[in-house]
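Chemist:
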Amino acid sequence: MRGQLGHIYRRAMRRISRRFVNGLLVLVPVVITAFVIEWTLRFTEGVLGQYLPFYFPGMGIITLMAVIYLVGWGSTNWALAKLISLGETMIGTIPFVKFIYTSVKRLSEAVLDSSSNFTHVVHVPYMGGRALGFVMADLPPRFQEAMGGDYLCVFIPWSLNMTSGTTLLVREEDAVTINISKEEALQYMLTAGAVMP
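Here the numbering used here is used: position 74 in the sequence shown is 358, and no number is missing along the way.
1. Tell me the DSSP secondary structure of Ser399 in three-state form.
2. Considering only their Cβ atoms, is the gap separating Leu436 from Gly454 smaller than 7 angstroms?
3. State buried or exposed for Gly417, treating a residue as buried only when at least 16 other CB atoms are found within 10 Å of its CB.
4. Can you give me the C-alpha to C-alpha distance between His404 and Lys466, rounded to a whole angstrom?
5. For Ser399, which residues from the same chain have a beta carbon less than 7 angstroms from its beta carbon, with the 5 sequence-adjacent residues on both sides left out?
6. Determine the extent of the alpha helix (DSSP H) in which Ala430 is found, giving its start and end residues.
7. Only counting the same chain, and skipping five residues up and downstream in sequence, which positions put a Cβ closer than 6 angstroms to that of Ile440?
8. Taking a contact to mean a Cβ-Cβ separation below 7 angstroms, would you say Leu348 touches Thr317 in this structure?
9. To the nearest angstrom, how far is the alpha carbon of Gln471 from that of Ser443?
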């Protein structure tokens, strides 16, 4: 009896520990991202309010969006592209920041780049229900032969956390194509359904 209770206790503790770690993996990137955004907005609002002769609430957000746009435009310029590359290299030397930055950047590029391997949106069987996902590049023939059928590689981003997700190998007949854009699907997934396509 005591041995059975000990087994149940250990199993329960493993489950609690696993869920606690999963919770941290979901919350930490979200909290850090929210903190960085809030700090950036506060800093921008503070600088503008202090040094500009004219100022109105919300000007920091507009300025920040303009800066982001200009950086995107400037990234096509050779000199600015080199400067951005240098900044990314410096970020790459900070272990935890590197992980978050690289994960978000790669997923953003893969989903939003029209030439990426994320070909289209599907819904597939997942944990007793259905989940939206992105079909990746075709699997190599040796994979298809080893698995004995036509399979697709589907990536499912986790809600509220762009840095993580699940990759599934799904039978082609089980993947149903949905006629929405990759951007609409990503908004739906990352907002846990709050933003509908």
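All residues carry an ideal CB built from backbone N, CA and C; glycine is no exception.
Modeler: Short version:
1. Here Ser399 scores only 49 on pLDDT, less than 50, and its place in the model should not be relied on; the value that follows carries that caveat. Here Ser399 sits in coil by DSSP.
2. Contrary to the premise, residue 454 reads as Val rather than Gly in this sequence. The answer is yes: Cβ separation under 7 angstroms.
3. buried
4. 7 angstroms
5. Unreliable positioning characterises Ser399 in this predicted model, as indicated by a pLDDT of 49, which lies under 50. The coordinate reading is nonetheless provided below. So the list is empty, once near-sequence residues are dropped.
6. Pro425 to Met431
7. Ala415, Gly417, Gly449 and Thr450
8. no
9. 9 angstroms
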